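Comments concern the structure below.
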Amino acid sequence: MATNQTFTMIKPDAVQDNHIGGITQMMEADGFRIVSLKKTRLTPERAGEFYAVHKERPFYNDLVKYMSSGPIVAMILEKENAVADFRKLIGATNPANAEEGTIRKKFAKSMEANAVHGSDSDENAQIEGDFFFDIDERF
Ligand code: IDP
2 MATNQTFTMI KPDAVQDNHI GGITQMMEAD GFRIVSLKKT RLTPERAGEF
52 YAVHKERPFY NDLVKYMSSG PIVAMILEKE NAVADFRKLI GATNPANAEE
102 GTIRKKFAKS MEANAVHGSD SDENAQIEGD FFFDIDERF
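Just so you know, we're using the numbering used here here: the sequence shown kicks off at 2 and counts up by one.
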């Protein structure tokens, strides 16, 4: 069943470079409402758990190190058709392929340090939102 929510993180590079405002502004300008928001830092264990689906990939260890290297901003966002529309707004994983007007085109530095995460399915949006937020942190 399609839901109207998705999950996102502003990744360590974009937080470090002071882009929290610029990125959330693009989200709100595109019609997303911030349901939940938290600045936090992942331990290597938590980052590994979040990206467990990529455990066998060659970039996994570096990804875990990078995602636990500094604070991130986790958010649940709401809009009709949230998952698909948000994937469109963030752009391709590799910023070299990201289209003009996307968050990654504007803020990503590399394939790894690509500024934002966006859930790839309604099911994962639910799982990833639950990973960071309790029921009393959703508004
Ligand atoms: P997505 O974030 O666009 O959904 P995924 O394939 O799910 O992309 O990969 C998760 C994250 O892992 C990416 O956002 C990026 O930070 C990192 N990543 C993916 N592929 C590579 C790679 O080939 N080299 C380095 N990092 C990668």
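For every residue, glycine included, the Cβ atom is placed at its ideal position computed from N, Cα and C. Only a predicted model underlies this, so the values are computations on that prediction, with no experimental measurement involved.
What residue range is occupied by the uninterrupted alpha helix (DSSP H) comprising Ala126?
As a first step, residue 126 must be located in the sequence shown, where it is residue number 125. 123-133 is the span of the alpha helix (DSSP H), which, as asked, contains Ala126.
Alpha carbons only, please: which of Asn62, Pro72, Ile91 is nearest the one belonging to Phe9?
The residue you call residue 9 lines up with position 8 of the sequence shown. Here the sequence assigns Thr to residue 9, which means Phe is not the residue at that position. Measuring from the Cα of Thr9, the nearest candidate turns out to be Ile91.
Find the nearest neighbour of Met68 within the set Asn82, Phe51, Leu38, Ile21, judged by alpha-carbon distance.
The residue given as residue 68 occupies position 67 in the sequence shown. The option with the nearest alpha carbon to Met68 is Phe51.
Taking the continuous alpha helix (DSSP H) assigned at Val54, which residues delimit it?
Here the question's residue 54 lines up with position 53 in the sequence shown. From DSSP, Val54 is part of no alpha helix (DSSP H); its letter is neither H nor E.
Tell me whether Ala126 is buried or exposed, calling it buried when 16 or more other Cβ atoms sit within 10 Å of its Cβ.
Residue numbering aside, residue 126 sits at position 125 when the sequence shown is read from its first letter. When all chains shown are included, Ala126 counts as buried.
DSSP three-state label for Ala85, please.
Residue 85 sits at position 84 when you count from the first residue of the sequence shown. It is helical.
Per-residue DSSP class, three states only, for Arg42:
Within the sequence shown, residue 42 is the residue found at index 41, counting from 1. In this structure, Arg42 counts as coil in the three-state DSSP scheme.
Within the continuous beta strand (DSSP E) that includes Met28, where are the two ends?
Counting from one through the sequence shown, the residue named residue 28 turns up at place 27. Segment 21-30 is the alpha helix (DSSP H) holding Met28; no beta strand (DSSP E) there.
With a threshold of 8 Å (Cβ to nearest heavy atom), would Arg139 be considered close to ligand 1?
On the sequence shown, position 138 is the one that residue 139 refers to. No; taking the cut-off as 8 Å, the Cβ of Arg139 has no heavy atom of ligand 1 nearer than that.
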